[in-house]
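*Asks:* Sequential numbering of the sequence shown, starting at 224, is according to my numbering.
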Amino acid sequence: MSLFDSLPTGVIYCSAVGEVVYLNRSAAAWLGISKESAMDKTLAELGLQPAAGPGSEFPFQSVLSGRKPVTSCGIESVISGQSAQADFYPQFDSSGRIVTGVTVCLAEGKDVPDNGSKLPAKVLRKNESKCGTKEDFVNRVNKIIAECSSIDQLRSGLISEIARFFNWDYGTFWCMSDNGNALTNSENYFNPAVVSNLFQSNFQKRPLFPGEGLAGKAWQQGRPFKMAPVDIMQFHWCEYLKKPDLVSAYAFPVYTEMGLAGVMEFLSRFSMPDAEELSEFFEKISGPLGLFIGRVYAEDKLRVSEARKSGILDSALDCIITIDKDSRVIDFNTAAERTFGYTAEDVIGQSLSDLIVPEAYREAHKKGMDRFLRTGQGSVLNKRIEMPAMRADGTEIQVELAISVVTAGDGPLFTAYLRDISDRKETEKRIKRLSSFPELSPNPVMEIDSLGTVLYANDAAYMALVKTGSKHLSVFFPDNWKTLFDSPEKEANYRQSQVKKIGEWYFTVSCNYIPEFGTVRIYTSDVTEEILVKQELLRERAFADRLIESAPEAMVITDPDESIIKINRQFTYLFGYTEEECRGRKINNLVVPASKTPEGQSITQKSDSSKVVSVETIRKRKDGTLIDVIVSVAPVIVDGKQTGKVGLYRDITDRKKLITDLIASKQKAEEMNRVKSYFFNNMNHELRTPFVGILGFAELLEQMVASPKELELIRGIITSSTRMIETLNSLLALTKMEIEPLIRKDGKMNVQQAINETCQLFTPAILRKNLAFNVKLPEGTLFIQTDEPLFREVISSLLSNAVKYTDTGKIEVSCFTDNTVYPEVLRVRICDTGIGIPAEKNKLIFEEFRQASEGRSRNFEGMGLGLTLANKYIELLGGEIQLEHNPNGGSIFTVSLPLFKVQSDEDRAAAEKAKRMQTGAETSSDMKRLLLVEDDEFSQKVISLILESVYTIDIAADADAALEMVKSHVYDGLLLDINLRHGIDGVDLMELLRKRPEYKETPIIAITAFAADHDRDEFLSRGFSYYMSKPFTRAELMHLIETAIPPKKGK
């Protein structure tokens, strides 16, 4: 019913016997009566009759019996003299089967037909010839409105112009009183020959209320009202009105956005033009007139309250902007400055369209201006429209706009009245949204009467009914809904709420009594999820309590001030406090010893900054004993706010003792490793160095003697030395791997070169056994990324086995890339025709100290470490070694290695040679000159004898002697031992030599018994050009020296 009251259409609800049960405000205003006086009366008693004339009846019976609406029935009010079109609709009960009454809807009403004659055409033509055309007069009226600054000026100027134009005898402007309940008048236009001064005086003093007089009816009905002939009873308070013999009267209400501003009223002895023609004229001036009056009212209110609320009222003033025919700004008032962000000085003389008209509308603005200048017509003139406008900062706002035009000497002037309605539009959206609340609400909304009949239910209510599987909406009624109709609280709009369970669903049900309609409104909301969440939270809280209580660590929960709220059993066990003793006490005061107070405060500060703090520290038990703990404190954050803290205490007293013992054990083990490492390095040096002399002298003797018997003895020494060196290398390599892990050092490797050079080392031994030796390598040059020394060791070990166990036949080495697998691999295959390996021992031979032939009857020497080391090396490189049986006898070992190709570099030796030629280091003597710095006499002898045929060799026994010798000669290369016993070692000597300009690029070779990989890496990183470990063969030494320091041609 409250929604019906807001409708502009009149609605009358009648019972089945035709008595009025309800009517809305619009219907009451149309009838000219109050709502209360219409109750329980018939339509005839309200002064209504069918427009068809006497004898006709309202279609009540046909609507009730036919159960269908009857529309477009004419209806007239005897009291108000108005007529309307009415539609009659049947009204059903909640079941939809029984008709309980009839609803009458009134369409827009119209005046009672004018029985007087119209103003003669010749009189109208006379008036037009006197005052100009009607359009010119409208322009004059708009100009009067624009020039007026007060309502009084408007009354004396505007009303007289209108009355003279139509030759009317009387005109006045009734203004709305300040309290808004009456119309008042102070000045009028009148024809002295018709209207007496006494009439004028009485009319001025007499206020009008809604429905009184012609102006009161126009106010009440909210539309223009014409009367012909004049009903004197409408002006019963003025006896003098009877004398002038008035014929026609016309009243036109004027509105602003705040409501009715007043009513213009005119009386004439002649018939007036018809209502439509009059309305057409007055509508043309109503827009500017309403804006003007609204502005004046706003200015009056602003002046009254300016001292108190000047800022607020300033924003309510209209913007007034005047432009000429070229759209140049002539006037720009303060409100416009405030609204659009420009100053008048900035915009005067500028094009308005460039300032406040959005770009999308500028073309339409220009076309409209051009059309008016051509035709004198404009589609937006004298109308109130809404459109977007642009502020100085580029933002757009919604404005209400009315434009009037005044013809001046230089052309038309256009005055625009604008008002920022952005807030109003937003309010309208909110009102529209709120008005649709019941239907748009996702929650059920119902209204019931005292019998429990559902008068209204929105869609959500029926959806909830289906969801719950219920059969009637009464399931949503509160349990004691009937008492609301009898309870005294209903007068106070009493409201109550409860939670109901309907099936598996939970709903909150709230209701309130509406005294105006005697009904109860019921609002429900599905809170199933909320209830289930609460139940789940209760279960989770219980689970959390059990979890805290059963936690293996001591746990404490505090508030933000660190006052204890809860502890678990482990806390009691660890610190000796019960929960009753702890609750409310500060955790730091309870368990933090005095010496750790600053630390406890620091933990508090850090945890306050939303950080998780974990500290290993000491805490105090109840009995005063100190324990080692790990304290972890975390803040509890809810909705961005700290609501408490959680602390965990882990007893690490036993663990600390264990760690102390472990540290001591670790230090002892590290000391043992240092001793072992020192012993290994010393043994490595002492075992390798003598073999330089033994093997070197033997190889030199082999070239010097001619006796077969002597050669046999010398070769026996070489073979035994080689075997001993191999055994020593294997033992030392295995021992080193046990002491410290082997680390691969990847670099760029030339595959063909690495395999070729390795094979060349075994060529003499293979030839001595009269074996065929084939090496098949891919064409071109293949570079890969791997650890070259380890790769060479693997190939060398497999070749060594092949030579050792093959007495007849051949040995074949082949290399190829296999792209049938992913990733692509490099395969090196070593095939021999030797003794072969039984299949059951294929795995055994890769174990430490194991051979295919073992025991006292074994046929071959060796410790069984070669394949073990080779397998470890290849696994470190990411590859594998596979063993197959050779169908021709012997074994096939295949090394597979992931193929990581890299681009090749220029030959290093060639590059170094070019550099040396540029620096002048290459001498013109017959042989290049080398300096050997070695403290061991046998090593001095062997190296000098091996190299003297190709190089000139100078020898220094220590670093001091070497530094003196480099002052006398510029050497082509230097060979330095590392452990020189006396003075500085070989590394320091190298660094001193590198500081001399002539030796910055000279090859310096480290020849040392320090053979570990980390030793090699260290020496090369410190500045040595090359590295060779002792012992070495003559071929190995010559190969390295010729690579690093190529001899002169022919040597």
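Beta carbons are placed, not taken as given, at the ideal position from N, Cα and C, and that holds for glycine.
1) Run through the DSSP bridge pairs and tell me what residue 212 is partnered with.
2) Run through DSSP, which three-state label would residue 554 get?
3) Just checking: is the beta-carbon of residue 795 within a distance shorter than 8 Å of some beta-carbon in chain C?
4) Taking the continuous beta strand (DSSP E) assigned at residue 573, which residues delimit it?
5) Between the Cα of residue 242 and the Cα atoms of 449, 260, 970 and 392, which residue gives the shortest distance?
6) Which residues in the same chain have their Cβ closer than 6 Å to the Cβ of residue 915, if we skip the five residues on either side of it in sequence?
7) In chain order, what are the residue ranges of uninterrupted beta strand (DSSP E) at least 3 long that sit wholly in the segment 251 to 308?
8) Among the residues of its own chain, which have a CB less than 8 Å from the CB of residue 811, if the five just before and after it don't count?
9) Within the continuous beta strand (DSSP E) that includes residue 1281, where are the two ends?
10) Can you look up residue 1011 in the DSSP assignment and give me helix, strand or coil?
11) So residue 1247 is in the alpha helix (DSSP H); what residue range does that whole segment cover?
12) Does the segment 832 to 852 come into contact with the segment 872 to 879, if we say contact requires no fewer than three beta-carbon pairs (one atom in each stretch) closer than 8 Å?
13) Would you kindly work out how many angstroms separate the C-alpha atoms of residue 829 and residue 794, rounded to a whole number?
14) From residue 407 to residue 400, what does the alpha carbon distance come to, in whole angstroms?
15) Pull up the distance between the alpha-carbon of residue 999 and that of residue 1037, whole angstroms please.
16) In the DSSP assignment, what residue or residues form a beta bridge with residue 621?
17) Can you give the Cα-Cα distance for residue 306 and residue 614, rounded to whole angstroms?
18) Which word fits residue 590, buried or exposed, when buried means at least 16 other C-beta atoms lie within 10 angstroms of its C-beta?
19) Taking 8 Å as the cut-off, decide whether the C-beta atoms of residue 392 and residue 494 are in contact.
20) I'd like to know whether the C-beta atoms of residue 707 and residue 734 end up nearer to each other than 8 Å.
21) Which first and last residues belong to the alpha helix (DSSP H) in which residue 821 is found?
22) According to DSSP, is residue 591 helix, strand or coil?
23) DSSP three-state call for residue 699: helix, strand or coil?
24) Which value, in whole angstroms, describes the spacing of the CA atoms of residue 557 and residue 566?
25) How about residue 1158 and residue 1200: do their beta carbons lie closer than 8 Å?
26) Looking only at its own chain, which residues have a Cβ that is under 6 Å from the Cβ of residue 805, when we skip the five neighbours before and after it?
27) Where DSSP assigns a beta bridge to residue 982, which residues make up the other side?
28) Rounded to whole angstroms, how far is the Cβ of residue 635 from the Cβ of residue 507, which I believe are closer than 8 Å?
29) Short check: CB of residue 1185 to CB of residue 1212, under 8 Å?
30) Going straight from the alpha carbon of residue 630 to that of residue 362, what length do you get?
31) Between the C-alpha atoms of residue 898 and residue 1241, what's the straight-line distance to the nearest angstrom?
32) Residue 1228 by DSSP, collapsed to three states: which one?
33) In this structure, does DSSP put residue 642 in helix, strand or coil?
34) What are the partner residues of residue 449, as DSSP defines its beta bridges?
35) Considering only DSSP beta bridges, list what residue 1103 is partnered with.
36) Given this structure, state the Cα-to-Cα distance separating residue 389 from residue 501, to the nearest angstrom.
*Replies:* On the basis of the coordinates in this document:
1) Here the chain comprises residues numbered 224 to 1274, so residue 212 is not present and cannot be evaluated.
2) To locate residue 554, count along the sequence shown from 1; it is residue 331. DSSP places residue 554 in strand when its eight states are reduced to three.
3) The structure shown contains no chain C; it holds only a single protein chain.
4) As a working note, residue 573 is residue 350 in the sequence shown. From DSSP, residue 573 is part of no beta strand (DSSP E); its letter is neither H nor E.
5) Indexing the sequence shown from 1 puts residue 242 at position 19. Cα-wise, what sits closest to residue 242 is 260.
6) Locating residue 915 in the sequence shown gives position 692, counting from the first residue. Residues 1162, 1165, 1253 and 1254 of the same chain have their beta carbon placed closer than 6 Å to that of residue 915, with the five preceding and five following residues left out of the count.
7) Segments of the beta strand (DSSP E) lying fully in the segment 251 to 308: 271 to 273 and 293 to 300.
8) Taking the first residue of the sequence shown as 1, we reach residue 811 at position 588. Correct list, in chain order: 785, 820, 823, 824 and 827.
9) Any answer about residue 1281 is impossible in this case: the structure gives the chain only from 224 up to 1274.
10) Reading the sequence shown from its first residue, position 788 is the one you call residue 1011. In the structure shown, residue 1011 sits in a helix (DSSP, three-state: H, G or I).
11) Sequence index remark: in the sequence shown, residue 1247 carries index 1024 (1-based). For residue 1247, there is no enclosing alpha helix (DSSP H), as DSSP marks it with neither H nor E.
12) As far as the Cβ criterion goes, the segment 832 to 852 touches the segment 872 to 879, which means the pair count is three or higher.
13) Within the sequence shown, residue 829 is the residue found at index 606, counting from 1. Within the sequence shown, residue 794 is the residue found at index 571, counting from 1. Distance between the alpha carbons of residue 829 and residue 794: 23 Å.
14) Numbered from its first residue, the sequence shown carries residue 407 at position 184. Numbered from its first residue, the sequence shown carries residue 400 at position 177. Cα to Cα, the separation comes out at about 6 Å.
15) For the purposes of this step, residue 999 is taken as the residue at position 776 of the sequence shown. For the purposes of this step, residue 1037 is taken as the residue at position 814 of the sequence shown. Their Cα atoms are separated by approximately 5 Å.
16) Along the sequence shown, read from residue 1 onward, the residue named residue 621 stands at position 398. Paired residues: 611.
17) Translated into the one-based positions of the sequence shown, residue 306 becomes position 83. Translated into the one-based positions of the sequence shown, residue 614 becomes position 391. Each residue's alpha carbon lies about 49 Å from the other.
18) The count along the sequence shown starts at 1 and reaches residue 590 at position 367. Label assigned to residue 590: exposed.
19) Along the sequence shown, read from residue 1 onward, the residue named residue 392 stands at position 169. Along the sequence shown, read from residue 1 onward, the residue named residue 494 stands at position 271. No, they are not a contact pair.
20) Along the sequence shown, read from residue 1 onward, the residue named residue 707 stands at position 484. Along the sequence shown, read from residue 1 onward, the residue named residue 734 stands at position 511. Yes, they are a contact pair.
21) Taking the first residue of the sequence shown as position 1, residue 821 is located at position 598. 820 to 831 is the span of the alpha helix (DSSP H), which, as asked, contains residue 821.
22) Here the question's residue 591 lines up with position 368 in the sequence shown. In the displayed model, residue 591 falls within a helix according to three-state DSSP.
23) Residue 699 sits at position 476 when you count from the first residue of the sequence shown. Three-state DSSP puts residue 699 in a helix.
24) In the sequence shown, residue 557 corresponds to position 334, counting from 1. In the sequence shown, residue 566 corresponds to position 343, counting from 1. For residue 557 and residue 566, the distance between alpha carbons rounds to 8 Å.
25) Along the sequence shown, read from residue 1 onward, the residue named residue 1158 stands at position 935. Along the sequence shown, read from residue 1 onward, the residue named residue 1200 stands at position 977. Against a cut-off of 8 Å, the Cβ pair of residue 1200 and residue 1158 comes out as a contact.
26) Within the sequence shown, the letter at position 582 stands for residue 805. Result list for residue 805: 787 and 790, in chain order.
27) As a first step, residue 982 is located in the sequence shown; it is residue number 759 there, counting from the start. Per DSSP, none; premise fails for residue 982.
28) In the sequence shown, the residue the question calls residue 635 occupies position 412. In the sequence shown, the residue the question calls residue 507 occupies position 284. The beta-carbon separation of residue 635 and residue 507, rounded to 16 Å, does not stay under the 8 Å limit for a contact.
29) Reading the sequence shown from its first residue, position 962 is the one you call residue 1185. Reading the sequence shown from its first residue, position 989 is the one you call residue 1212. Yes, these two residues count as a Cβ contact at 8 Å.
30) Along the sequence shown, one-based indexing puts residue 630 at 407. Along the sequence shown, one-based indexing puts residue 362 at 139. Between residue 630 and residue 362, the C-alpha separation is close to 7 Å.
31) Taking the first residue of the sequence shown as 1, we reach residue 898 at position 675. Taking the first residue of the sequence shown as 1, we reach residue 1241 at position 1018. Just so you know, the alpha carbons of residue 898 and residue 1241 end up roughly 21 Å apart.
32) Within the sequence shown, the letter at position 1005 stands for residue 1228. Strand, per DSSP.
33) Translated into the one-based positions of the sequence shown, residue 642 becomes position 419. Strand, per DSSP.
34) Here residue 449 refers to the residue found at position 226 of the sequence shown. DSSP output for residue 449 lists 473 as bridge partner(s).
35) The residue given as residue 1103 occupies position 880 in the sequence shown. Per DSSP, 1119.
36) Within the sequence shown, residue 389 is the residue found at index 166, counting from 1. Within the sequence shown, residue 501 is the residue found at index 278, counting from 1. About 10 Å.
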